[in-house]
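*Asks:* For the record, the sequence lines run as chains F and V. Under the numbering used here, the first sequence is numbered contiguously, ending at residue 514. Under the numbering used here, the second sequence is numbered contiguously, ending at residue 448. Even for Gly, the Cβ is constructed at its ideal location relative to N, Cα and C.
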Amino acid sequence: MDFEFSQEQKKFREEVRDFLEAEIRKGTFKPSCDAWIIGYSPEFTRKIVERGWIGLTWPKEYGGQGRSYIDRLILAEEMLRYGAPVACHWFADRQVGGSLVTFGTEEQKREFLPKIIRGEAFVGLGMSETEAGSDLASLKTRATEDGDFFIIDGQKMWTSGGKYMNYIYLVARTDPEAPKHKGISEILVETKLPGITIRPTIDITGSEAWNEVFFDNVRVPKKYLIGEKNRGWYQIVHQLAYERSGMERLMANYPLFDAILKFARETKYAGKPLAQDSLIRSRLAQLQVEFEVGRLHMYRVALVMDEGRAPDWEASMSKAYATAFEQRLASLAMDILGLYGQLLGESKLVPIMGMAPHSYLGSKGYSLQAGTSEILRNIVATRGLGLPTE
Amino acid sequence: MNLALSEEQEMLKQAARDFLSEKCPKTALKEMEESQEGYSPPLWREMAELGWMGLVFPEKYGGAGMSFLDLAVLLEEMGRAALPSPYFSSIILGGLTILDIANEGKKQEYLPQIASGEIVFTLALTEADARYEAWSIKVKATADGDNYIISGTKLFVPDAHIADYLLCVARTKESAKAEDGITIFLVDAKSPGINCTVLKTIANDKLGEVVFDQVKVPEGNILGEKDRGWPAVERIMQRAAVAKCCETVGGMQQVLEMTVDYAKERKQFGRPIGSFQAIQHYLSNMATDVDGSRFVTYQAAWMLSQGLPCRKEVAVAKAWTGEASERVVALAHQIHGAIGVTMDHDLHFYTRRASAAQVTFGDADFHREIVAQEMGL
Chain F
125 MDFEFSQEQK
135 KFREEVRDFL
145 EAEIRKGTFK
155 PSCDAWIIGY
165 SPEFTRKIVE
175 RGWIGLTWPK
185 EYGGQGRSYI
195 DRLILAEEML
205 RYGAPVACHW
215 FADRQVGGSL
225 VTFGTEEQKR
235 EFLPKIIRGE
245 AFVGLGMSET
255 EAGSDLASLK
265 TRATEDGDFF
275 IIDGQKMWTS
285 GGKYMNYIYL
295 VARTDPEAPK
305 HKGISEILVE
315 TKLPGITIRP
325 TIDITGSEAW
335 NEVFFDNVRV
345 PKKYLIGEKN
355 RGWYQIVHQL
365 AYERSGMERL
375 MANYPLFDAI
385 LKFARETKYA
395 GKPLAQDSLI
405 RSRLAQLQVE
415 FEVGRLHMYR
425 VALVMDEGRA
435 PDWEASMSKA
445 YATAFEQRLA
455 SLAMDILGLY
465 GQLLGESKLV
475 PIMGMAPHSY
485 LGSKGYSLQA
495 GTSEILRNIV
505 ATRGLGLPTE
Chain V
72 MNLALSEEQE
82 MLKQAARDFL
92 SEKCPKTALK
102 EMEESQEGYS
112 PPLWREMAEL
122 GWMGLVFPEK
132 YGGAGMSFLD
142 LAVLLEEMGR
152 AALPSPYFSS
162 IILGGLTILD
172 IANEGKKQEY
182 LPQIASGEIV
192 FTLALTEADA
202 RYEAWSIKVK
212 ATADGDNYII
222 SGTKLFVPDA
232 HIADYLLCVA
242 RTKESAKAED
252 GITIFLVDAK
262 SPGINCTVLK
272 TIANDKLGEV
282 VFDQVKVPEG
292 NILGEKDRGW
302 PAVERIMQRA
312 AVAKCCETVG
322 GMQQVLEMTV
332 DYAKERKQFG
342 RPIGSFQAIQ
352 HYLSNMATDV
362 DGSRFVTYQA
372 AWMLSQGLPC
382 RKEVAVAKAW
392 TGEASERVVA
402 LAHQIHGAIG
412 VTMDHDLHFY
422 TRRASAAQVT
432 FGDADFHREI
442 VAQEMGL
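Take a look at the structure:
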């Protein structure tokens, strides 16, 4: 057992921090909540590319660096701590690349991994549909074979950052006759192909967080089938574990956490800092305790990956835990701000840049994305604890 | 960063688990709890033969020279077995304090006997105010020639009824600052003027009310510095809080496993209740609490073991684990149904211990305050 990082890891963390602080000073970005999922900045992603910070864990032969998942977690932790706009490359770096490494053909790896690493392929996710949410395997989007092509027809929902993405990692039905889990395949689709329409969905915070993606007779070369045909369900389960695994589930609102602590220290009521109010003090301390617990859950998941296996129930456990933490953080911030918490916009009366109401509203979705907390608990119970399903 | 136990620690864990499941079945546990001693002296001797009492002490004092982290593994197994024994009192509160602050002579005199299990130590810290703060220390020790005279009442002293020696935290000086004027005395429990009454407790462990009536203690029995004992008391409390967390994590793990087994076996509506989502979600919450508690507990144990400053990490561990264990046993009861709230079932051992552990060496509120201070609030 060892709770310390290696000297190289400590140096790496310092390097990432120095970089981010310098960029903030230069005005490249302002720390903000949810920047991993709504902070789209191709320019910032280019800077990350220059640093070589995409595909850290991927094999060197495809342009990766073969580094550990703990290293990647350190990088992610600092990006989130500073609320940096990393959304353009986040999904490909977090999960798509890993799927290609595990399931892709040699040709696909050689084509796409370097593209992702160079910031040329921003890959969105095409999973959920109107009738396929928690029951993802009931998806209806069809991929029909036609010579060397698949013809894609259907509709996806909740695709993050659609308009920035030049590829979509699509999960589609290739065998409608087979049982629902056994007729699904994964296909990498270029979004500029004819027949694709992307339409934003405005979320509860007013952000263009997600998109609907419509496929009408879209022809995709068969060589972009990832892994085995009709085995897509088993592959996507693997990818979903990576999707759930990351520090963004715990630290998406870290800038708010920082800001509300500062607010509590500096704001005085009746001559006394809020932080000295015993109730507020206790609630903030409890939040810190919960954060520390969550952080170790996240590190456990990374260590599982470093053992060379896909995180399974561990990622479900950490995500369900961490998103609940994020929701409590947002609620506590709103409680502390009181009447001011409801103010939106740029007015000088809006405290801490309006982060609290944004997080309060935005965090409602955290326990739904990438597996609802209920689905995640099912996974912990059945795959982790071995409970029967019937 | 690595969360796995070493090969040696895995071996220790397995050996402890095998030994305790054989020697400390729940039937024996009941007898131990109900006995006058509150533990089994023959079992205590067997534990000593296995080297458990000496595990954490340097070899020159008859120990095995293992680390606090190794000790954490053993404590977790003791918690899992719900073992009643004066191990915590004698090793964590007594022996490790002597190792920390006693002079060489005292170490040589007492540590080998503690390490062999021949003598039992405990700590007389808390009093009527029932707080773990310096201002609550009111038992007085007054200089009288080469001796000190200790008077006053200590409360909630674990294993006081069987202890051979007490480490008594007393006030030797009145001062504007409560932390100033605290001294730790090594007191022979058979000294005239000491009177111990065993209190009946929720965990059926033996806490004592110890009255010191003009108890004479040689000046040479001061451990550490006179009047400046409080920092040592804080270190005792850190070790004790983490050790309590280790025991608690062991208990939580056992409760989780018992409850998973029960949910798989117990059938209602023609199917195992563990197939119902409501039950699955409870169990998932329990597993999350168990794992989280283990992470923060071992983080703190590792830091203590490394000698790193860890005031915050210790507080995080105790603030979290105490409440988490109460949540875990509450859900275990809900899943077990009515059988779980009977004395025929084993669950009560853990419920009662979790409740006691939560308040011992600082409850969640106490430790949240420390976290708040460390956050600069």
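Flag M429 of chain F as yes if its beta-carbon sits less than 8 Å from any beta-carbon of chain V, otherwise no.
*Replies:* Judged by the 8 Å Cβ criterion, M429 of chain F is not in contact with chain V.
*Asks:* Quick one: residues in its chain with C-beta nearer than 6 Å to the C-beta of P324 of chain F, no 5 flanking neighbours on either side, listed in chain order?
*Replies:* E332, N335
*Asks:* Where does G223 of chain V fall in DSSP's three states?
*Replies:* Residue state for G223 of chain V is assigned as strand, using DSSP reduced to three classes.
*Asks:* Are there three or more Cβ pairs, one per stretch, closer than 8 Å when the region 236–247 of chain F is compared with the region 186–200 of chain F?
*Replies:* yes
*Asks:* Compute the distance between the beta-carbons of L385 of chain F and V344 of chain F, then report whether it is under 8 Å.
*Replies:* In this structure, V344 of chain F does not lie closer than 8 Å to L385 of chain F by Cβ.
*Asks:* Can you tell me whether D251 of chain V is helix, strand or coil according to DSSP?
*Replies:* coil
*Asks:* Please confirm if the region 277–284 of chain V is in contact with the region 221–232 of chain V, defined as three or more CB-CB distances below 8 Å between the two stretches.
*Replies:* yes
*Asks:* Can you tell me which of V:P155, V:Y219, V:A212, V:K389 puts its alpha carbon nearest to the alpha carbon of M308 of chain V?
*Replies:* V:K389
*Asks:* Using 8 Å for Cβ pairs, my map puts G166 of chain V next to W115 of chain V. What's the rounded Cβ distance?
*Replies:* Not quite, the Cβ-Cβ distance comes to about 14 Å (not below 8 Å), so this is no contact.
*Asks:* Among F:R368, F:F449, F:E416, which residue has its Cα nearest to the Cα of F127 of chain F?
*Replies:* F:E416
*Asks:* Nearest to I194 of chain F by alpha carbon, out of F:T283, F:H421, F:L468?
*Replies:* F:H421
*Asks:* Going straight from the alpha carbon of G248 of chain F to that of T330 of chain V, what length do you get?
*Replies:* 41 Å
*Asks:* Name the residue from V:Y333, V:P289, V:R88 whose alpha carbon lies nearest to the alpha carbon of N218 of chain V.
*Replies:* V:P289
*Asks:* For P166 of chain F, count neighbouring C-beta atoms within 10 Å of its own C-beta (all shown protein chains included) and say buried if the count is 16 or more, exposed if not.
*Replies:* By the Cβ neighbour-count rule, P166 of chain F is exposed, with fewer than 16 other Cβ atoms within 10 Å of its own.
*Asks:* Would you identify the three-state DSSP class for W177 of chain F, choosing helix, strand or coil?
*Replies:* coil
*Asks:* Using a cut-off of 9 Å between C-beta atoms, extract the partners of P343 of chain V located in chain F.
*Replies:* L511, P512, E514
*Asks:* Consult DSSP for R423 of chain V and reduce its assignment to one of helix, strand or coil.
*Replies:* helix
*Asks:* From this set, F:E498, F:T321, F:T513, which residue's C-alpha is nearest G345 of chain V's C-alpha?
*Replies:* F:T513
*Asks:* For F139 of chain V, which option in V:G176, V:G291, V:C317 has the closest C-alpha, if you only look at C-alpha atoms?
*Replies:* V:C317
*Asks:* Buried or exposed for E269 of chain F, going by 16 or more other Cβ atoms inside 10 Å?
*Replies:* Exposed, because fewer than 16 other Cβ atoms sit within 10 Å of the Cβ of E269 of chain F.
*Asks:* So, F215 of chain F versus S284 of chain F, is the Cβ gap smaller than 8 Å?
*Replies:* yes
*Asks:* Distance check for H419 of chain V and L453 of chain F, CA to CA, integer angstroms please.
*Replies:* 35 Å
*Asks:* Three Cβ pairs or more, each shorter than 8 Å: is that satisfied between the region 399–408 of chain F and the region 491–501 of chain F?
*Replies:* no
*Asks:* DSSP three-state call for P113 of chain V: helix, strand or coil?
*Replies:* DSSP, reduced to helix, strand and coil, places P113 of chain V within a helical segment of the structure shown.
*Asks:* May I have a chain-ordered list of the beta strand (DSSP E) segments no shorter than 3 residues that lie completely inside the region 191–232 of chain F?
*Replies:* none
*Asks:* In chain order, what residues of the same chain lie with their CB nearer than 7 Å to the CB of R389 of chain F, ignoring the 5 residues before and after it?
*Replies:* P397, A399
*Asks:* Quick one: give me the first and last residue of the alpha helix (DSSP H) that A274 of chain V is part of.
*Replies:* Neither: A274 of chain V is in no alpha helix (DSSP H) and is coded neither H nor E.
*Asks:* Taking a Cβ distance cut-off of 8 Å, strictly less, list which residues of the region 390–418 of chain V are near chain F, in chain order.
*Replies:* A390, W391
*Asks:* Which one or two residues does DSSP pair with F283 of chain V in a beta bridge?
*Replies:* V:G223, V:I265
*Asks:* Which residues of chain F have a Cβ atom closer than 8 Å to the Cβ of W373 of chain V, listed in chain order?
*Replies:* M125, D126, F127
*Asks:* Using a Cβ cut-off of 7 Å, which residues of the region 412–436 of chain F contact any Cβ in chain V, in chain order?
*Replies:* Q412, V413, E416, V417, L420, H421, Y423, R424, L427
*Asks:* Answer yes or no: does any C-beta atom of chain F fall closer than 8 Å to that of M308 of chain V?
*Replies:* Residue-level contact by beta carbon fails for M308 of chain V and chain F, as no gap is shorter than 8 Å.
*Asks:* Count the other CB atoms, across all protein chains shown, that sit within 10 Å of the CB of L473 of chain F; report buried if there are 16 or more and exposed otherwise.
*Replies:* exposed
*Asks:* Report the CB separation of E541 of chain F from N341 of chain F in whole angstroms; it is logged as a contact under 8 Å.
*Replies:* Given a span of 125 to 514 for chain F in the structure shown, any question on residue 541 of chain F remains unanswerable.
*Asks:* Within 10 angstroms of its Cβ, does M82 of chain V collect 16 or more other Cβ (buried), or is it exposed?
*Replies:* Exposed, by the Cβ-count rule.
*Asks:* For M357 of chain V and A403 of chain V, which I take to be in contact (beta-carbon distance under 8 Å), what is that distance rounded to the nearest angstrom?
*Replies:* 7 Å
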